[in-house]
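Protein chains in written order, with the numbering used here: chain A, 1 to 200; chain B, 1001 to 1151. Glycine residues also receive a C-beta, built at the ideal position from the N, C-alpha and C atoms. Only a predicted model underlies this, so the values are computations on that prediction, with no experimental measurement involved.
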Amino acid sequence: MSPSSPARRLSLPLLLGGAVLFVAVVALLFYGVRRSGLADRDSLPSALIGKPTPAFDLPLLHDASIRVRAADLRGAPYVLNVWGSWCPTCREEHPILTRFALTKRVRVIGYNWKDEHADALHWLEQLGNPYLLVLADTDGRTAIDWGIAAAPETFLVDAQGIVRWKHSGALTQAIIDNELIPQLVQLERAPAGASVRAAP
Amino acid sequence: MIPRAAACLLALWLVLAGAMLPASAQPASDPTPLAYRDAAEEARFHALAAELRCVQCQNQSLADSNAQIAHDLRREVLDLMHQGRSDAQIKQFLVERYGEFVLYRPQVESRTWLLWFGPALLLLAGAAVIATLIRRRARALPPAADEPQEW
């Protein structure tokens, strides 16, 4: 017995280290399992947050002769909602977005992504048009500059044209109340210099 | 009769296919295939696309994915190649828009040190544990050497 006792005594810190490692692995597993239940588990943080919007130049869906540039939207914050008539989740999101747009809290601009012109117009006629204006990105080129991966996606852009927030997937009332509106409140509290500029 | 039967089958197939479509539908796609200038360019394109991750279906590479955005991004990557941009510049272009996530091989920087060197660290730690164990056993063993039934 005597020769094995020093070995056992010496391995105690090793055992302790092993137990710590085991608990850490279990904690990681638990974290992974919990995360896998979240609806937005696959959504990526936008690489654009804190950076200016891309310098886009897109026609309006309702009148292709009018083009809107990034600079035209400066001066007040706006919410940019990416949708397509081919996107069932956009249809689900539509009533919630409409309710938010009706509060007139902020300009809500539509970004019609890779859509058929007639289908897009029909969709808006059928469900109602919550947007102040709708930009049409038919070939999806500009969407790459925005880092758009799938519809629906929603951006919040401040008066200086800096992307402040993005949500991938359908907006819910909880996301509007707990994320979008607090972000807006923060923008409204921004330095006075920012709010002095009139909206276009 | 045969064309009619074929048409019926086709219609049935279309209905079934429509019913089985996943919830996230796809926007209209440009059906023209990517136009490579030569085989070398095609090889370079495939090598690059295999290193980029699809931003929508995240367990597929840009080369493998059939998602619409992957289709668009492949076209964009080829356009950038035609503009004479290097692989590194193209990767940078995508990282600026979609984040580090698009790279299957993240860049080595302070934020990714653990990712890059963590496995080597674990290996070293394991080696150290085994080394100490062996040394301790070797120290503990000699007195027990004459009673093999202990083992």
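Got a sec, what are the start and stop residues for the alpha helix (DSSP H) residue i sits in?
i	result
G17 of chain A	L12 to S36
K104 of chain A	Taken as a continuous stretch (DSSP letters only), K104 of chain A belongs to no alpha helix (DSSP H), as it is neither H nor E.
H1071 of chain B	Q1068 to H1082
T142 of chain A	R141 to W146
A76 of chain A	That residue, A76 of chain A, is in no alpha helix (DSSP H); it is neither H nor E in DSSP.
E116 of chain A	Taken as a continuous stretch (DSSP letters only), E116 of chain A belongs to no alpha helix (DSSP H), as it is neither H nor E.
R1136 of chain B	W1113 to A1140
P182 of chain A	I181 to E188
Excluding five sequence neighbours on each side, which residues of the same chain lie with their C-beta closer than 6 Å to the C-beta of residue i?
i	result
D57 of chain A	R67 and R69
K166 of chain A	S46 and F155
Please report how far the alpha carbon of residue i lies from the alpha carbon of residue j, in whole angstroms.
i	j	result
G1084 of chain B	K104 of chain A	46 Å
C90 of chain A	P152 of chain A	6 Å
E179 of chain A	A190 of chain A	17 Å
V108 of chain A	Q183 of chain A	15 Å
V1055 of chain B	T1132 of chain B	46 Å
R141 of chain A	D1072 of chain B	8 Å
L16 of chain A	V23 of chain A	11 Å
S11 of chain A	I181 of chain A	56 Å
R164 of chain A	L156 of chain A	5 Å
E92 of chain A	D177 of chain A	18 Å
H122 of chain A	A64 of chain A	16 Å
A1039 of chain B	A1125 of chain B	47 Å
Q186 of chain A	I144 of chain A	28 Å
G161 of chain A	I96 of chain A	25 Å
H62 of chain A	N81 of chain A	16 Å
S1110 of chain B	G1118 of chain B	12 Å
L1021 of chain B	Q1058 of chain B	Caution is warranted here: a pLDDT of 42 is assigned to L1021 of chain B, below 50, making its placement in the model unreliable, and no coordinate value can be reported.
A1127 of chain B	G37 of chain A	37 Å
L1123 of chain B	D119 of chain A	58 Å
L1066 of chain B	I148 of chain A	Going by the sequence as given, residue 1066 of chain B is Asn instead of Leu. Taking the straight line joining both Cα atoms gives about 16 Å.
Excluding the five sequence neighbours on either side, which residues of its own chain have a C-beta within less than 8 Å of the C-beta of residue i, listed in chain order?
i	result
A19 of chain A	none
Y1036 of chain B	E1042, F1045 and L1078
L1080 of chain B	Q1089, I1090 and F1093
If you measure between the beta carbons of residue i and residue j, is that distance less than 8 Å?
i	j	result
K114 of chain A	Q1068 of chain B	yes
L1034 of chain B	R1097 of chain B	no
A150 of chain A	N112 of chain A	no
W146 of chain A	P52 of chain A	no
L60 of chain A	L133 of chain A	yes
A101 of chain A	P130 of chain A	yes
H94 of chain A	L127 of chain A	yes
L21 of chain A	V1129 of chain B	no
W86 of chain A	G110 of chain A	no
Which residues does DSSP list as the beta-bridge partners of residue i?
i	result
I162 of chain A	A:P52
P59 of chain A	A:R67
T154 of chain A	A:N81 and A:H167
S1061 of chain B	B:R1053
Y1036 of chain B	Answer is none; Y1036 of chain B lacks a bridge partner.
For the beta strand (DSSP E) that contains residue i, what are its first and last residues?
i	result
F1101 of chain B	Note, F1101 of chain B: premise wrong, no beta strand (DSSP E); not H, not E.
H136 of chain A	Per the sequence shown, residue 136 of chain A should be read as Ala rather than His. L133 to D137 is the extent of the beta strand (DSSP E) around A136 of chain A.
Can you name, in chain order, every residue of its own chain whose Cβ lies under 7 Å from the Cβ of residue i, other than the five neighbours on each side?
i	result
V1095 of chain B	V1102 and L1103
D1087 of chain B	L1048
W1116 of chain B	V1108
A1063 of chain B	H1046, A1049 and A1050
Since residue i meets chain C, which of its residues come closer than 9 Å, beta carbon to beta carbon?
i	result
G32 of chain A	As a matter of chain content, chain C is missing from the structure shown, whose protein chains are A and B.
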